[in-house]
Structure formats: structure tokens, C-alpha cells
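Remarks on the structure that follows.
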Amino acid sequence: MARNDGRVIRASEIGQYEYCARAWWLGRVMGYQSAHVAEMAAGADEHASHGRQVVSYHRWRRLAYLLLSLAAVVGLLLFWSLVRGG
């Protein structure tokens, strides 16, 4: 039966294991710190920044669709009023 000790294995750890199983084992099992802690922290910051940019992009896109829909409704109402002779 599989053992569940509550530790979560992240996708980045799977990538690290695929790249070098020994490095993964040294860090995960033996508790050794990577020599590239600063670079990994900078990478995590870049990923967080990119994530915020993606969320912002999606918000702006939704707003653009809303405004485009509103403009289409106003255009249809103006066209309808001109056709009716108003």
C-alpha cells in the first residue's frame, strides 16, 4: 500500500528528478540546500510576476469584450431608431 506522509511533490520537483535524480534525492531526502538558492528565488519571483501579468491580461480582455458588446448594442439601437424614422 502507498505511504502518505503528507509531503507534496511539485511539478518542478518531478522536472528536477528527471534532470538529475541524485540532486533531487540529496535535496528532498537528505535535506541538502541547493547552491543556486538565489537563482531559484529570482525564478520564483519571475514566475509570480508573469502570473500577475496573465491575470491582468485576462481582466483587460474581459473589459474589452464588455465594451465591444456595449458598443454593438448602442450601434444597433441607433440603427433601429434611424430605420424607424426617429
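Heads up: the sequence shown is residues 742 to 827, going by my numbering.
Built from N, CA and C at the ideal position, the CB exists for glycine as well.
Bear in mind that the values here come from a model prediction, so they are computed numbers and not experimental data.
Taking the alpha helix (DSSP H) that residue i belongs to, which residues open and close that run?
i       : result
Tyr-758 : 752-760
Where does residue i sit, in a helix, a strand or coil, going by DSSP?
i       : result
Ala-782 : helix
Ala-776 : coil
Val-770 : coil
Taking the alpha carbon of residue i as the point to measure from, which residue in the options has its own alpha carbon closest?
i       : options                               : result
Val-770 : Ala-779, Ala-782, Ser-790 and Val-749 : Val-749
So, are the CB atoms of residue i and residue j less than 8 Å apart?
i       : j       : result
Tyr-758 : Trp-765 : yes
Ser-775 : Met-781 : yes
Using 8 Å as the limit for Cβ to Cβ distance, is residue i near chain C?
i       : result
His-788 : Annotation note: the requested chain C is absent from the structure, which comprises a single protein chain.
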